[in-house]
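Q: Dropping a structure here in C-alpha cells format, bear with me for questions.
Protein chains: 2
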Amino acid sequence: MQNFDYMTPTRLIFGKGVISKLPEVMSSFGKKILLTYGGGSIKKIGLYDKVKELLKDSEIYELPGIQPNPKYDPSVLDGVRICKEKNIDVILSVGGGSVLDCTKAIAAGAKYDGDPWDLISYKVKAKAALPIVDIITLAATGSEYDSGGVISRTETNDKIGYVDSLLYPAVSFLDPTYTFTVSKKQTAAGCADAMNHIMEQYFCEDSTLLNDGFMEAGLKSLMVNARKCLDNPEDYTARAEMMLDCTYGCNGIYALGNSASGWPCHGMEHALSAYYDITHGEGLAIITPRWMKHILSDKTVDRFVKYGVNVFGIDSNLDKFDIANKAIDETYKFFESIGIPMHLKDVGIDESRLGEMAHHVAENEGLENAWAPLNEQDILDIFKASL
Amino acid sequence: MQNFDYMTPTRLIFGKGVISKLPEVMSSFGKKILLTYGGGSIKKIGLYDKVKELLKDSEIYELPGIQPNPKYDPSVLDGVRICKEKNIDVILSVGGGSVLDCTKAIAAGAKYDGDPWDLISYKVKAKAALPIVDIITLAATGSEYDSGGVISRTETNDKIGYVDSLLYPAVSFLDPTYTFTVSKKQTAAGCADAMNHIMEQYFCEDSTLLNDGFMEAGLKSLMVNARKCLDNPEDYTARAEMMLDCTYGCNGIYALGNSASGWPCHGMEHALSAYYDITHGEGLAIITPRWMKHILSDKTVDRFVKYGVNVFGIDSNLDKFDIANKAIDETYKFFESIGIPMHLKDVGIDESRLGEMAHHVAENEGLENAWAPLNEQDILDIFKASL
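Structure (C-alpha cells):
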C-alpha cells in the first residue's frame, strides 16, 4: 500500500429539489456571479429560468456556448476576461462536465495576471482561484467532485488535463431529475466515461481489498443503472444511483493507497477527441477493450481475472487467460449493448492520422511509465485495432 | 434514494513516515498547541518524544490521561480550561478514538462561554471550534474522518454521541506502523467496532447498489485484514488496510442516499459501556448478533440474505431464513474467532442492572424509530440474550 495525502473539500447537495438551497449557497460567496453554460439544453429543461429566478437579487453575467471538449479559445479566454472586467465573486457552472471543466480553468485564470495557458500547461502554478459552484445536468465525468478539468486548444491539437487542488468545486448541486432528458447516446457515453475512470484506477500493480471492492461495486452499479436509465429515462432511482456512481469516478477515493496506473486510455482518447472532437465517453469505450487485449500478458493477467470474476461473475475455475479474455469480451459487449459505436470509423475517424496521433500521445502522455508501458508502436497498434 | 447534503473537509495524510509533515501542518494553525493523549502508550512507542522533537519550536501544553470512553469530568473540563487560559490555537490529539473524541468536545468547549455540557447535550449549538489535528494510533472508531465524538458523564451514566460539522479534524495523520504494538484484544475490538459501524448503516430500508457494494467490501476487508494483523502484528499491508477500512466506518460516505437505520447497536452498547466502562468494540460484538436474531422477520429478512450471500458467500439458493440465520451465526463466529468475549458476563456484566439499562436506552436513544423499531422490552430481551 502506497502513502497518500487526500482531501476533497467539496460539499455535495444531492437529490430532487435541492436547488432551493442555491440562493443561500451563492450569497455566501458574494453578489457578482458569472453563470457559465453550454448549448441551451438548460433552457429547454427550464433550469436556466429557475436559476435566474432564484438568483434575482444577484448581479449575474453570462458565458454561454461552452462546447463539449471545451475550448481554450474562445471559452476560457472570454470567461477570464469577464471575471476580471466585472470583478466576479463566484462562478456558477450549469451543465455537464465540459461546462464545469471550462469553469475551473476560468476560475484559475481569473486570479492570474498572465496568459491562462501558463496555468493549464503547468508552466506556472496557480496561487488562487475563484470559488466554483456547479449544478450538474449529466452523469458522466465526475468533475463535480474532483479538482481537474480537460481543456482543448484547437490550433495545436492539445487536450490537457489540468489538475490543481484549488479547483475543487466548493459546492456541487446534483438533482437527478435534470438528467431525465439526457439522450440515450449521452447516457451511454456518460456510463462508459465513468466506467473507464474506474478501470483506469483498477488496473494497476498494487491495490487493496477495499479499493477493489469499491471499484467493482462502482462498475456493477453503473452497468445495472445505465441500462435502467436507457430503458426508462425517468426512473428516478436509476438516474440518482448512476449520478452518484459517476461522481466518485475521478475523485481519487477509489485508489487511495494504490500504485499509479498512468490512465492510459485517457491518454490515448485525448488525442482522438482533440483531433476529431468526438464524444469522450465513446472514444474511451472504443479504446478500452482494445487496450485490454493489447496489454494482456503473464504480468497483467491476474488483475483481469479478478475483474472478470468479481465484475462479470465469470467462473473462477476456468483457465486464467480464458477468464481474462472473457472479461475483455464482456467489456466490449456491454458497451455495444448500450448502443455505443464500437469502431473508430463509426465516429468519423479513418486511418489517415493514426500515426500522427500515436506520435502525439507518445510524446505527451508519458505512457511509457504506465502500469503496462506503451510506446508509440503500441499506441498505434491499439488505434489500428480500434478502427 | 434519499436526498443528502455531505462534505468531509478532513485531509488524510496516510502512510509510513508521514509524521515528517507535522511541523508544517501545525504551524499553519498557530504556535500554541494543546497536546492531548491517553495512558502513556504513545510514550512506549516513542511517538510522544518524536512529536515533542518535531514541534520544538511550538508552545506546547499537555492534557494526558484521557481514558477509553472519555470522561466529561475531568478530561473535557480540564482541556477546555487550558485552552481558555493559554489561548490555544490548535489541539493535537495523539492516540486512539477516545482521545480524539475527547479532543473534539474540548475544541467546541474552548470556543463557548458557558458549560460545555450545553453543547454535548445539544442544548446549545456551537458557533465555532478550535482546529483539530490528530495522529491516530488505533484502527477502530473512524473518529479521524468524522465529525462526532462520544463523551461519558459518570455521575448520570450518560454516554452521548456529540456530532457537529465543526468537529471534523482539519488533518488526520495515519501511520500504520503506530498500530504494530496494539494488543490482540484491542485489535479485535477495533475490528468489531468498525464492522459494527458498517452494519449500522447497512441494515436499513433503502440502500443503493453502490453503497451495498462499498459496505460489503468494507466488511470483507476488515475480516481478512484483522485476522492477518492478529497473526502477524507487524504486517504493514494488513495494518494499513485495516486502518483505512476503519477510517471510512463512521464518515457517512457509506450511506449517502440511504434511509436512516437508527444505529440500534450503538444505542444499546452506549448504556453497557456507560454503566460498566467496558471496551466499546467488545460490547458491540456481543450485542450485534443478538440484535440480528431479535429483529429477523419477514420485513427484514431480505437484507440479511444480501448480507449473507455477499459478505459470507452463503449459497443464494437456500431458503431465505436459512441464509439469514447462517449469516447471523457467521457474524457471531467471526467475532468469537478473533478472540472477543461473546457474553456480557465475560466482560463483568450480570443481570442486576439490565432492566435499568434497558429503561435508560428506551428513554434516550430513540430506537422506537429505528429500521426495526425497539421498545424497552425488546432492548431488555436483547440484553438478556447477550448475558
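Chains as they are written, first to last, in my numbering: chain A, 1 to 387; chain B, 1001 to 1387. We treat Cβ as the ideally placed atom computed from N, Cα and C, and that holds for glycine.
1) For a quick check, are the C-beta atoms of F1014 of chain B and F4 of chain A less than 9 Å apart?
2) What residues of chain B sit near E241 of chain A, judged by a beta carbon separation below 7 Å?
3) With DSSP as the reference, label L167 of chain A as helix, strand or coil.
4) Out of curiosity, what's the CA-to-CA distance linking D378 of chain A and H294 of chain A?
5) Mind listing the chain A neighbours of M1227 of chain B? Cutoff is C-beta to C-beta under 7 Å, in chain order.
6) With a 10 Å radius around its C-beta and 16 neighbouring C-beta atoms as the bar for buried, classify D164 of chain A as buried or exposed.
7) Please report the Cβ distance between L1138 of chain B and T1179 of chain B, rounded to the nearest whole angstrom; I am assuming they are in contact, meaning their Cβ atoms lie under 8 Å.
8) What residue range is occupied by the uninterrupted beta strand (DSSP E) comprising F1014 of chain B?
9) Let me make sure I understand the geometry here. Which of B:A1362, B:K1159 and B:I1060 has the alpha-carbon closest to that of A1105 of chain B?
10) Mind pulling the beta strand (DSSP E) runs of 3 or more residues that sit fully within the segment 1029-1058 of chain B?
11) For Y307 of chain A, which option in A:L284, A:I286 and A:T331 has the closest C-alpha, if you only look at C-alpha atoms?
12) Leaving aside the five residues before and after S152 of chain A along the sequence, list all residues of the same chain whose C-beta is less than 6 Å from its C-beta, in chain order.
13) To the nearest whole angstrom, what separates the beta carbons of A324 of chain A and L284 of chain A, a pair I think is in contact under 8 Å?
14) Quick check: is the beta carbon of P1233 of chain B nearer than 9 Å to any beta carbon in chain A?
15) For S152 of chain A, write down the residues that DSSP places opposite it in a beta bridge.
16) Going by beta carbon distance, what residues of the same chain come within less than 6 Å of Y145 of chain A, once the five residues before and after it are set aside?
17) Would you call the CB atoms of I136 of chain A and G161 of chain A closer than 9 Å?
18) Can you name the start and end residues of the beta strand (DSSP E) that L1092 of chain B belongs to?
19) Measuring straight from C-alpha to C-alpha, what distance separates K1044 of chain B and S1183 of chain B?
20) Among residues of its own chain, excluding the 5 on either side of I33 of chain A, which ones have a beta-carbon nearer than 8 Å to its beta-carbon?
21) Let me know if A110 of chain A comes out buried or exposed under the rule of 16 or more other beta-carbons within 10 Å of its beta-carbon.
22) Helix, strand or coil, according to DSSP, for I1287 of chain B in the structure here?
23) Quick one: residues in its chain with C-beta nearer than 7 Å to the C-beta of A1129 of chain B, no 5 flanking neighbours on either side, listed in chain order?
24) Just grab the DSSP bridge partners of E446 of chain A for me.
25) Near S207 of chain A, which residues of its chain fall below 7 Å by C-beta distance, leaving aside the five closest residues on each side in sequence?
26) Please classify K1220 of chain B as buried or exposed, where buried requires at least 16 other C-beta atoms within 10 Å of its C-beta.
27) Can you give the Cα-Cα distance for S143 of chain A and K127 of chain A, rounded to whole angstroms?
28) Cα-Cα, which of B:N1369, B:S1386 and B:L1012 is closest to E1205 of chain B?
29) Do I287 of chain A and V347 of chain A have their beta-carbon atoms positioned less than 9 Å apart in this structure?
30) Can you name the residues of chain A whose CB is closer than 7 Å to the CB of T1237 of chain B?
31) Starting from V305 of chain A and walking both ways along the alpha helix (DSSP H), at which residues does that stretch end?
32) Excluding the 5 residues preceding and the 5 following A1240 of chain B in the sequence, name in chain order all residues of the same chain whose CB lies nearer than 7 Å to its CB.
33) With 7 Å as the C-beta to C-beta threshold (strictly closer), list the residues of the segment 1300-1322 of chain B near chain A in chain order.
34) Along chain B, in chain order, which residues have C-beta atoms closer than 8 Å to that of R290 of chain A?
35) Between the C-alpha atoms of Y254 of chain A and A189 of chain A, what's the straight-line distance to the nearest angstrom?
36) Using a cut-off of 7 Å between C-beta atoms, extract the partners of K1220 of chain B located in chain A.
A: To lay it out plainly:
1) On the second sequence, residue 1014 of chain B is found 14 positions in, with the first residue counted as 1. On the first sequence, residue 4 of chain A is found 4 positions in, with the first residue counted as 1. Taking the C-beta atoms as reference points, F4 of chain A is found nearer than 9 Å to F1014 of chain B.
2) Locating residue 241 of chain A in the first sequence gives position 241, where the first residue counts as 1. Within chain B, the residues near E241 of chain A are M1001, T1208, L1209 and L1210.
3) Taking the first sequence and counting its residues from 1, the one referred to as residue 167 of chain A is at position 167. In this structure, L167 of chain A counts as helix in the three-state DSSP scheme.
4) Mapped onto the first sequence, residue 378 of chain A falls at position 378. Mapped onto the first sequence, residue 294 of chain A falls at position 294. The straight-line gap separating the alpha-carbon atoms of D378 of chain A and H294 of chain A is approximately 8 Å.
5) By 1-based counting over the second sequence, the position of residue 1227 of chain B is 227. The sequence shown places Arg at residue 1227 of chain B, not Met. Those within 7 Å of R1227 of chain B in chain A number zero; the least Cβ separation is about 12 Å.
6) Counted from its first residue, the first sequence places residue 164 of chain A at position 164. Its Cβ being crowded by 16 or more others within 10 Å, D164 of chain A is buried.
7) As a first step, residue 1138 of chain B must be located in the second sequence, where it is residue number 138. As a first step, residue 1179 of chain B must be located in the second sequence, where it is residue number 179. Right, the Cβ-Cβ distance comes to about 6 Å (below 8 Å), so this counts as a contact.
8) Taking the second sequence and counting its residues from 1, the one referred to as residue 1014 of chain B is at position 14. First-last of the beta strand (DSSP E) with F1014 of chain B: F1004 to F1014.
9) The residue you call residue 1105 of chain B lines up with position 105 of the second sequence. Nearest option by C-alpha distance: B:K1159.
10) Here the runs fully enclosed are 1032-1036.
11) The residue labelled residue 307 of chain A in the question sits at position 307 within the first sequence. With distances taken between Cα atoms, Y307 of chain A lies closest to A:T331.
12) What you label residue 152 of chain A is simply residue 152 of the first sequence in a count that begins at 1. Sequence-distant Cβ neighbours of S152 of chain A in its own chain, meaning closer than 6 Å and more than five residues away, are N69, K71, K159 and A274.
13) Translated into the one-based positions of the first sequence, residue 324 of chain A becomes position 324. Translated into the one-based positions of the first sequence, residue 284 of chain A becomes position 284. The C-beta distance from A324 of chain A to L284 of chain A rounds to 20 Å, too long to meet the 8 Å contact threshold.
14) Reading the second sequence from its first residue, position 233 is the one you call residue 1233 of chain B. Not one chain A Cβ lies under 9 Å of P1233 of chain B.
15) Counting from one through the first sequence, the residue named residue 152 of chain A turns up at place 152. S152 of chain A is bridged to A:K71 and A:K159.
16) In the first sequence, residue 145 of chain A corresponds to position 145, counting from 1. So the qualifying residues of the chain are T10, T247 and N251.
17) Sequence index remark: in the first sequence, residue 136 of chain A carries index 136 (1-based). Sequence index remark: in the first sequence, residue 161 of chain A carries index 161 (1-based). Against a cut-off of 9 Å, the Cβ pair of G161 of chain A and I136 of chain A comes out as no contact.
18) Residue mapping note: residue 1092 of chain B aligns to position 92 of the second sequence, counting from 1. From DSSP, the beta strand (DSSP E) with L1092 of chain B extends over V1090 to G1095.
19) What you label residue 1044 of chain B is simply residue 44 of the second sequence in a count that begins at 1. What you label residue 1183 of chain B is simply residue 183 of the second sequence in a count that begins at 1. Straight-line spacing of the CA atoms in K1044 of chain B and S1183 of chain B works out to 13 Å.
20) Walking along the first sequence from the start, residue 33 of chain A turns up at place 33. Here the set comprises M26, L55, S58, E59, I60, Y61, I88, D89, V90, I91 and L92.
21) Numbered from 1 along the first sequence, position 110 holds the residue referred to as residue 110 of chain A. Buried is the call here.
22) Taking the first residue of the second sequence as 1, we reach residue 1287 of chain B at position 287. In this structure, DSSP gives I1287 of chain B a helical state, which the three-state scheme calls helix.
23) Along the second sequence, read from residue 1 onward, the residue named residue 1129 of chain B stands at position 129. The answer, listed in chain order, is A1107, A1108, K1111, L1166 and L1167.
24) Since the first and last residues shown for chain A are 1 and 387, residue 446 of chain A lies out of range.
25) Taking the first residue of the first sequence as position 1, residue 207 of chain A is located at position 207. Here the set comprises N258.
26) The sequence position of residue 1220 of chain B within the second sequence is 220, counting from 1. With a threshold of 16 other beta carbon atoms within 10 Å, K1220 of chain B meets it and is buried.
27) Counting from 1 along the first sequence, the entry for residue 143 of chain A is found at position 143. Counting from 1 along the first sequence, the entry for residue 127 of chain A is found at position 127. The alpha-carbon separation between S143 of chain A and K127 of chain A amounts to approximately 21 Å.
28) To locate residue 1205 of chain B, count along the second sequence from 1; it is residue 205. The residue with the shortest Cα to Cα distance from E1205 of chain B is B:N1369.
29) Residue mapping note: residue 347 of chain A aligns to position 347 of the first sequence, counting from 1. Residue mapping note: residue 287 of chain A aligns to position 287 of the first sequence, counting from 1. Taking 9 Å as the Cβ cut-off, V347 of chain A and I287 of chain A do not qualify as a contacting pair.
30) The residue labelled residue 1237 of chain B in the question sits at position 237 within the second sequence. M1, listed in chain order.
31) Translated into the one-based positions of the first sequence, residue 305 of chain A becomes position 305. Taken as a continuous stretch (DSSP letters only), the alpha helix (DSSP H) holding V305 of chain A covers V301 to F312.
32) Sequence index remark: in the second sequence, residue 1240 of chain B carries index 240 (1-based). Here the set comprises P1176.
33) The segment 1300-1322 of chain B vs chain A, Cβ under 7 Å: nothing.
34) Within the first sequence, numbered from 1, the residue matching residue 290 of chain A stands at position 290. Here the premise fails: no neighbours, minimum Cβ distance about 28 Å.
35) Taking the first sequence and counting its residues from 1, one reaches residue 254 of chain A at position 254. Taking the first sequence and counting its residues from 1, one reaches residue 189 of chain A at position 189. Cα-Cα distance, rounded: 21 Å.
36) In the second sequence, the residue the question calls residue 1220 of chain B occupies position 220. Against chain A, the beta carbon of K1220 of chain B has neighbours under 7 Å at L209 and G213, listed in chain order.
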